[in-house]
Amino acid sequence: MFLNVRDMELRPLRIKREFAAGEIDFSTSEFSQASPLVVEVTIEFRPALEEIRVSGRFNVDLELNCDRCLAVFRWPIDKKIDLLYAPEEAVTQPEESGLKDEEVELGFYEGAGLELEEILREQVLLALPMRRVCREDCQGLCPACGENWNERPCGCRMQSADPRWSVLEDLKLKK
Ligand SMILES: [Zn+2]
Ligand SMILES: [Zn+2]
Numbered sequence: 139m140f141l142n143v144r145d146m147e148l149r150p151l152r153i154k155r156e157f158a159a160g161e162i163d164f165s166t167s168e169f170s171q172a173s174p175l176v177v178e179v180t181i182e183f184r185p186a187l188e189e190i191r192v193s194g195r196f197n198v199d200l201e202l203n204c205d206r207c208l209a210v211f212r213w214p215i216d217k218k219i220d221l222l223y224a225p226e227e228a229v230t231q232p233e234e235s236g237l238k239d240e241e242v243e244l245g246f247y248e249g250a251g252l253e254l255e256e257i258l259r260e261q262v263l264l265a266l267p268m269r270r271v272c273r274e275d276c277q278g279l280c281p282a283c284g285e286n287w288n289e290r291p292c293g294c295r296m297q298s299a300d301p302r303w304s305v306l307e308d309l310k311l312k313k
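Right, here's the structure in full:
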């Protein structure tokens with residue numbers, strides 16, 4: 139969906155839209171979109187500096203693979219956005235725009251406007267976790283036999299000197 143400056147010159151655009159999985163090309167195999175992406179934004183043109191301000195929020199659920207155990211886990215995103223786009227040709231500094239709010243992120247647009255999908259693609263990528271683990275205490279896979287340690291320990295681990303394992307072993311013996 140192209141957001142044309144012409145259409146927002148008179149009044150801000152208010153957009154509420156849903157993008158089904160596949161409608162936005164994230165060009166990555168690192169995750170898949172597990173719910174529609176719902177966005178609600180106000181798009182405002184500021185003629186003095188020809189800036190476009192996009193504010194509102196969006197939500198979407200992604201499915202990622204755990205870095206440790208490879209299991210698929212859900213990563214819900216519900217993000218507030220407040221973005222400011224300046225025309226590419228006129229490189230403005232954020233302070234010149236009169237917006238000193240540090241929450242505002244600055245980007246650039248070329249030509250007549252911006253693609254909403256492009257904005258959302260970038261925002262989703264920014265909202266990915268740094269560490270992709272299904273849960274904080276995920277035990278991962280045994281490097282020797284591939285057993286998922288979240289499900290059950292394996293023989294290889296019995297021989298290791300991991301103190302956490304001896305506790306588990308004691309519990310097992312009591313059963
Ligand atoms: Zn995991
Ligand atoms: Zn093992």
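According to my numbering, the stretch in the sequence shown is residues 139 to 313, in order.
C-beta atoms are modelled at their ideal positions from N, C-alpha and C, and glycine is treated no differently.
CB residue i to CB residue j, shorter than 8 Å?
i: residue 207; j: residue 278; result: yes
i: residue 294; j: residue 209; result: no
i: residue 178; j: residue 154; result: yes
i: residue 190; j: residue 265; result: no
i: residue 202; j: residue 169; result: yes
i: residue 247; j: residue 226; result: yes
Would you grab the beta carbon distance between residue i and residue j for me? Rounded to a whole angstrom, and I think it's under 8 Å.
i: residue 270; j: residue 204; result: 6 Å
i: residue 221; j: residue 245; result: 6 Å
i: residue 159; j: residue 212; result: That pair is no contact at about 13 Å.
i: residue 175; j: residue 162; result: 7 Å
Is it right to say residue i is buried, meaning 16 or more other beta carbons lie within 10 angstroms of its own, or is it exposed?
i: residue 196; result: buried
i: residue 224; result: buried
i: residue 200; result: buried
i: residue 258; result: buried
i: residue 263; result: exposed
i: residue 281; result: exposed
i: residue 267; result: exposed
Report yes if the C-beta of residue i is less than 7 Å from at least one heavy atom of ligand 1; otherwise report no.
i: residue 198; result: no
i: residue 206; result: yes
i: residue 242; result: no
i: residue 271; result: yes
Out of the options, which one is the CA nearest neighbour of residue i?
i: residue 243; options: 151, 265, 219; result: 219
i: residue 261; options: 282, 211, 192, 212; result: 192
i: residue 276; options: 177, 160, 250, 287; result: 287
i: residue 139; options: 265, 251, 264; result: 251
i: residue 186; options: 290, 174, 147; result: 147
i: residue 184; options: 256, 268, 291, 151; result: 151
i: residue 164; options: 188, 255, 144; result: 255
i: residue 180; options: 292, 274, 289, 145; result: 145
i: residue 143; options: 166, 253, 217; result: 253
Is the closest heavy atom of ligand 2 to the C-beta of residue i under 7 Å?
i: residue 285; result: yes
i: residue 245; result: no
i: residue 293; result: yes
i: residue 280; result: yes
Within 7 Å: the Cβ of residue i and any heavy atom of ligand 4?
i: residue 210; result: What this structure holds is ligand 1 and ligand 2, not ligand 4.
Residue i CB to nearest chain D CB: under 8 Å?
i: residue 218; result: Although the question refers to chain D, the structure presented lacks it and comprises just one protein chain.
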